[in-house]
Amino acid sequence: MQSLTIGTRGSRLALIQTDQVRAALLAHYPELEVLTTIITTKGDVNLNIPLVGIKDKGLFITEIEEALRCGQVDLAVHSAKDLPGQLAPDLQIAAYLVRADARDVLVSLYGSLAALPSRARIGTGSPRRAAQLRALRPDLAILDIRGNVDTRLRKLEGGAYDALVLAAAGLHRLGLEQVVSEYLDPDIMLPAVGQGALAVEIRATDHSLAALLAPLDHLPTAQAVNAERSFLARMNAGCSAVVGAYATVEQDVLTISAMVGGADGRILRAMRQGVVADGGRLAEELAETLLRQGAGLLLVGASGGASDGE
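Residue numbers (the numbering used here): 23 to 332.
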């Protein structure tokens, strides 16, 4: 019997996501033995440091990738939004599972972003969300928050915040969709690159495992997320930057929108559309458009911080 070991973070959400990959593997290969190894990352330990002050692009993945390199695990499961635009050459993404809802959501007794009173306290650990919230509602108080989804919800219930902005996909996977008060459309709140998608990472030399994982790869998700990550790479920005991008694929048409935010509250946005086969080129053109508009200076001036990991 062939055995595979998956490396993952230990949060409840991370383990649920890993179980989704495990179930997908067993659906194709019932005789496979799939084990799980929990790996603690820097992002799981440094919970008292605001993410805006952490520049490490691999905050939630570095230790897992090291376990992959040394053979402690055979594959790693990541939230795609925690990945940088370019992986190290000795690693590769072998599969993206079907993307879940990529949107951000508001969780609040007030019901909607528009209904929040002036100076309402919104908790988010994401500089991208904070920048877009400030552009939409400059009268709100944007406060940092750390911890996993359950911890954040407890802080909201305890009165430390009036609202939270979280990823829809994480809440759905945790069975907590009932707490959502409003889904934030990408037209007003562009998600993080890769948000809602699960990425399965392996060693670049492990060709037999790549073939084994091929049936798990959802082509439209891969096409969309690869375009988003191409944009991120061309901007020379990590998952920590004040950058958002979201691509959709319908038939043979790929549409990608992106934003870059600055410390001064400015938001630059642009969109491109074309055939799926040109996804990488479209993403690079989109990046060039924003760079011509001054996105590079915005990125230099903004204090990005790491992806929030949830």
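By construction, the Cβ of each residue, glycine as well, lies at the ideal position given by its N, Cα and C atoms.
- The C-beta distance from I164 to A182 rounds to 14 Å, too long to meet the 8 Å contact threshold.
- If you compare the alpha carbons of D207, G65, A255 and T311 with that of L158, the shortest gap goes to D207.
- The shortest C-alpha to C-alpha distance from A249 to any of L308, I289, G284 and L212 is the one to L308.
- When G218, L212 and A214 are compared, the shortest CA-CA separation from A190 is found for G218.
- Each residue's CA atom was taken as its position, placing N170 and R195 some 13 Å apart.
- With a cutoff of 8 Å on beta-carbon distance, L47 and L238 are scored as near each other.
- DSSP, reduced to helix, strand and coil, places Q114 within a strand of the structure shown.
- Shown here for I38: same chain residues with a beta carbon closer than 8 Å to its own, the five before and five after excluded, namely R195 and L196 in chain order.
- For the pair L113 and A226, the CB atoms are nearer than the 8 Å cut-off.
- Proximity to S101 across G147, A259, G302 and A124 peaks at A124, based on C-alpha coordinates.
- Put simply, the stretch 134-152 does not touch the stretch 251-258. Fewer than three CB pairs are less than 8 Å apart.
- P242 is the residue among P242, Q94 and E85 whose C-alpha sits nearest the C-alpha of R121.
- G284 has its alpha-carbon roughly 26 Å from the corresponding atom of G301.
- Counted as a single uninterrupted DSSP element, the beta strand (DSSP E) harbouring Q295 occupies residues I289 to V297.
- In this structure, the CA atom of C92 is about 45 Å from the CA atom of D184.
- Comparing C-alpha distances from A136 to each of I115, D161 and G147 shows the shortest one belongs to D161.
- Taking all protein chains shown into account, M293 has fewer than 16 neighbouring C-beta atoms within 10 Å of its C-beta and is therefore exposed.
- Beta-bridge analysis with DSSP links D126 to A189 and L206.
- L188 is not a Cβ neighbour of V247, given a cutoff of 8 Å.
- Boundaries cannot be given for A137, as no alpha helix (DSSP H) includes it and DSSP labels it neither H nor E.
- In the three-state scheme derived from DSSP, where H, G and I count as helix and E and B as strand, V271 is classed as strand.
- Going by DSSP, H229 is part of the alpha helix (DSSP H) stretching over H229 to L235.
- M257 has its alpha-carbon roughly 9 Å from the corresponding atom of L312.
- G29 places its beta carbon 8 Å or farther from that of A116.
- DSSP lists G29 and E223 as the beta-bridge partner residues of A98.
- Linking L231 to D286 through their CA atoms gives a straight-line distance of about 47 Å.
- Under the three-state reduction of DSSP output, R159 falls in the coil class, being neither helix nor strand.
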